[in-house]
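When the letters of the sequence shown are read in order and numbered with my numbering, they come out as residues 678 to 842.
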Amino acid sequence: MACEVDLKQLACSYRELQKTVHPDRFAGEGERQQRLSVQYATHVNEAYDTLRSPLPRMAYLLKLAGRELDMENNTIMDPAFLMEQMEVREALSDLRNSSNPEPELEKMIDKAGDDMDRYQAQFTSFWTAGGEKELEKAEAVVRKMQFMVKLTVELEQLESELLDD
Numbered sequence: 678m679a680c681e682v683d684l685k686q687l688a689c690s691y692r693e694l695q696k697t698v699h700p701d702r703f704a705g706e707g708e709r710q711q712r713l714s715v716q717y718a719t720h721v722n723e724a725y726d727t728l729r730s731p732l733p734r735m736a737y738l739l740k741l742a743g744r745e746l747d748m749e750n751n752t753i754m755d756p757a758f759l760m761e762q763m764e765v766r767e768a769l770s771d772l773r774n775s776s777n778p779e780p781e782l783e784k785m786i787d788k789a790g791d792d793m794d795r796y797q798a799q800f801t802s803f804w805t806a807g808g809e810k811e812l813e814k815a816e817a818v819v820r821k822m823q824f825m826v827k828l829t830v831e832l833e834q835l836e837s838e839l840l841d842d
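So, in structure tokens, the structure goes:
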């Protein structure tokens, strides 16, 4: 099963499915049909949201492989990665007090993007190999991606704050 998605094709399929199950199409139908339409539309929306973003898509693929991730409670992480994350958060905090944060912020945004690309490539490699050890490594990558997604959001928020000033 491939882990890469053609986003244009996904969007096209999503729109077609939405046209088919959209609740407005069933406004004149019975209550049961309307309820089912809302449920189907919800499932289509959830599937689209899962497939269009790398992190939820990767977690879903692992779930299909029988590897349920407990992203909130599983705290087993590579200590070096955690140390790096603490350093990045400290640098991010320092940027808020910097007189000229833009150049360093751009470097951090670029690095986060590069890291995300690297993790996606690692996941693809592990997923494609498909062995038990590789799936464990893929899980570790997904946990790292979770940190990176949060970091990216924080970087974008800081960038937005700086642009507003």
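For each residue, glycine too, the CB sits at the ideal point set by N, CA and C.
- Sixteen is the threshold: when 16 or more other Cβ atoms of the shown chains lie within 10 Å of the Cβ of A736, as they do, the residue is buried.
- Rounded to whole angstroms, the Cβ separation of L769 and L835 is 7 Å, and the two are in contact under 8 Å.
- A798: member of the alpha helix (DSSP H) spanning E779 to A806, first to last residue.
- Between K814 and F803 a beta carbon distance of about 5 Å is seen, short of the 8 Å cut, so the two are scored as contacting.
- Rounded to whole angstroms, R712 and T697 show a C-alpha spacing of 14 Å.
- Residue V819 holds the alpha-carbon nearest to the alpha-carbon of F758 among V819, L840, D841 and E809.
- Here R709 is exposed, its C-beta having fewer than 16 other C-beta atoms within 10 Å.
- In terms of Cβ geometry, E816 and L746 form a close pair [threshold 8 Å].
- A straight-line Cα-Cα distance of about 11 Å links M785 and E831.
- With contacts defined as CB atoms closer than 8 Å, P700 and A718 qualify as a contacting pair.
- Ranked by Cα distance from Y796, the first of L738, M825 and D771 is M825.
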